[in-house]
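Accompanying notes for the structure given below.
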Amino acid sequence: MAEFVDIASDLRFPEAPVALPDGSVVLVEMMGRCITQILADGTKRIVAEIAGGPNGLALGPDGALYLCNNGGSFSKQVFNGITYPGPFDPKTYIGGRIQRVDLKTGAVEDLYTHCDGHELRGPNDIVFDQHGGMWFTEHGIRHGRVFDLTGIYYAKTDGSLIREVIFPCQAPNGIGLSPDGKTLYWAETFNGRVLKANIIGEGEVEKFSSRDPRNCLAGLPGLQYLDSLAVDSDGNVCVATLMNGGITVISPTGEILEHVATNDPITTNICFGGADLRTAYITLSGLGKLVATSWPRSGLKLNF
1061 MAEFVDIASD LRFPEAPVAL PDGSVVLVEM MGRCITQILA DGTKRIVAEI
1111 AGGPNGLALG PDGALYLCNN GGSFSKQVFN GITYPGPFDP KTYIGGRIQR
1161 VDLKTGAVED LYTHCDGHEL RGPNDIVFDQ HGGMWFTEHG IRHGRVFDLT
1211 GIYYAKTDGS LIREVIFPCQ APNGIGLSPD GKTLYWAETF NGRVLKANII
1261 GEGEVEKFSS RDPRNCLAGL PGLQYLDSLA VDSDGNVCVA TLMNGGITVI
1311 SPTGEILEHV ATNDPITTNI CFGGADLRTA YITLSGLGKL VATSWPRSGL
1361 KLNF
């Protein structure tokens, strides 16, 4: 079993870690409704208070943070000391949005709340391509008999363009790019599978169908839900796995290479940091921790 070092604890459902060049890690506290920076000595700095539900986070080309805000899609539930994302509560939901957050001042700006006349319901995770555009997943909401069909979106950071590139999707979550930038990967939470699409231009993919087996990288057996992901320098997809808590590593050809257990059924995200990108930072949301471990391969250097 991998050895983990606690970087920070008592976090309120941490998610979306981003390793910064100064050795700190910035992340969201979804249930705490804030973005928090964990400094190298373990101290915490609140970057910004965020209404709704801060979810996915990425560093953009201008040095700002770009945030997927799910609007408060999940309530808090605790079972046996583990925090779980609970049912949708319409009384606290403010609507989904993509936001820009100034890392220094904490200023928060709404960039997108709608696309082509329909509202964003629960944006989840985000990755930047080499052009400076952002791909993000729309996880949607589940309430009563409603289970949103959603999609994969592409948008620009200046608020000038947003479009739904792939529809329909079922609860898409983590998203990432292959090392050559030609393949887009995303995880579907409840289907327990990682899908992929060929990128043919800026914000464009080949015609996609989830029924085409060529578009499914891998599916996991049993009760294994998928959350956020990161890609390593070999092109392997490292996807946070719920219930069977840990990180599942999937090769570019769809082979399950390993499962790194974390002892938290609500293991939600991973990023790579350190000088050689061989330190994996993992959010144990159920336990309220950010942990680190040495990784056998270096992570993929992000575009920004």
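The sequence shown begins at 1061 in this note's numbering and counts up one residue at a time.
Backbone N, C-alpha and C fix where the C-beta goes; we use that ideal spot for every residue, glycine too.
- Nearest C-alpha to Gly1211 among Ile1201, Gly1193, Gln1230: Gln1230.
- Looking at the DSSP output, Asp1101 sits in no beta bridge, so it has no partner there.
- Rounded to whole angstroms, the Cβ separation of Ser1345 and Glu1075 is 6 Å, and the two are in contact under 8 Å.
- Here Pro1356 carries a coil assignment [DSSP, helix/strand/coil].
- If the five residues before and after Gly1305 are omitted, its C-beta is found closer than 6 Å to the C-beta atoms of Thr1322, Asp1324, Pro1325, Thr1327, all from its own chain and listed in chain order.
- Following the DSSP letters along the chain, one finds Lys1136 inside the beta strand (DSSP E) bounded by residues 1136 to 1139.
- Around the C-beta of His1199, 16 or more other C-beta atoms lie within 10 Å, and the residue is accordingly described as buried.
- In the three-state reduction of the DSSP assignment, Pro1273 falls in the helix class.
- Rounded to the nearest whole angstrom, the C-alpha separation of Leu1360 and Val1291 is 6 Å.
- Going by C-alpha positions, Ile1226 is about 15 Å away from Gly1236.
- Scanning the region 1152 to 1206 for uninterrupted beta strand (DSSP E) segments of 3 residues or longer gives 1157 to 1161, 1168 to 1172, 1183 to 1188, 1194 to 1198, listed from N- to C-terminal end.
- Within its own chain, the residues whose Cβ lies closer than 8 Å to the Cβ of Asp1287, once the five positions on either side in sequence are excluded, are Asn1233, Gly1234, Ala1247, Thr1249, Val1299, Ala1300, Thr1301, Leu1302, Thr1327, Thr1328, Asn1329, listed in chain order.
- In the structure shown, Ile1110 adopts coil according to DSSP, grouped into three states.
- Counting only runs of 3 or more residues that sit fully inside the region 1221 to 1283, the beta strand (DSSP E) segments are 1222 to 1229, 1232 to 1237, 1243 to 1248, 1253 to 1261, 1276 to 1279, in chain order.
- Taking a cut-off of 8 Å on C-beta distances, the region 1133 to 1151 does not touch the region 1186 to 1196, as fewer than three cross pairs fall below it.
- Beta-bridge partners of Ala1300 (DSSP): Ile1307.
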